[in-house]
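Presented below is the structure to which this report refers.
Residue numbers (the UniProt record's numbering): 1 to 109.
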């Protein structure tokens, strides 16, 4: 029997590139191996994604998609540092010019 890693609940916003589109998604829960995201209706199983965690690109693949949520697997698994940033909600880009998708202030994202 295969057990997945513990998923830490979170409710943080993160920029995601998928299917040629850049959108903001909500991280519902996260572990080193994967996460559940909400708000990416255009993503389907097998699609490749790239998350932006404080200007660190994180590659992933969609394992399932249902009712506006998707399950992703990180490729490779997250480092403890990136996992901690996601768990604590520190997900937006570091560049103040692009923080919050056009808002020049990080608190606007």
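Even for Gly, the Cβ is constructed at its ideal location relative to N, Cα and C.
Only a predicted model underlies this, so the values are computations on that prediction, with no experimental measurement involved.
Residue i: which of the options sits nearest, CA to CA?
| i | options | result |
| --- | --- | --- |
| residue 17 | 86, 77 and 25 | 25 |
| residue 75 | 6, 27 and 32 | 32 |
| residue 36 | 52, 62, 91 and 81 | 62 |
| residue 54 | 89, 5 and 46 | 89 |
Over the uninterrupted alpha helix (DSSP H) stretch that includes residue i, give me the two end residues.
| i | result |
| --- | --- |
| residue 83 | 80-87 |
Counting along the chain, where does the beta strand (DSSP E) carrying residue i start and finish?
| i | result |
| --- | --- |
| residue 54 | Here residue 54 belongs to no beta strand (DSSP E), and DSSP marks it neither H nor E. |
What would DSSP say about residue i, mapped onto helix, strand or coil?
| i | result |
| --- | --- |
| residue 33 | coil |
| residue 95 | Per-residue confidence for residue 95 stands at a pLDDT of 48, beneath the threshold of 50, marking its modelled position as unreliable; the derived number appears in the next sentence. The answer is coil: DSSP assigns residue 95 none of H, G, I, E or B. |
| residue 75 | coil |
| residue 67 | coil |
| residue 5 | coil |
| residue 24 | strand |
State buried or exposed for residue i, treating a residue as buried only when at least 16 other CB atoms are found within 10 Å of its CB.
| i | result |
| --- | --- |
| residue 22 | exposed |
| residue 68 | exposed |
| residue 77 | exposed |
| residue 71 | buried |
| residue 91 | buried |
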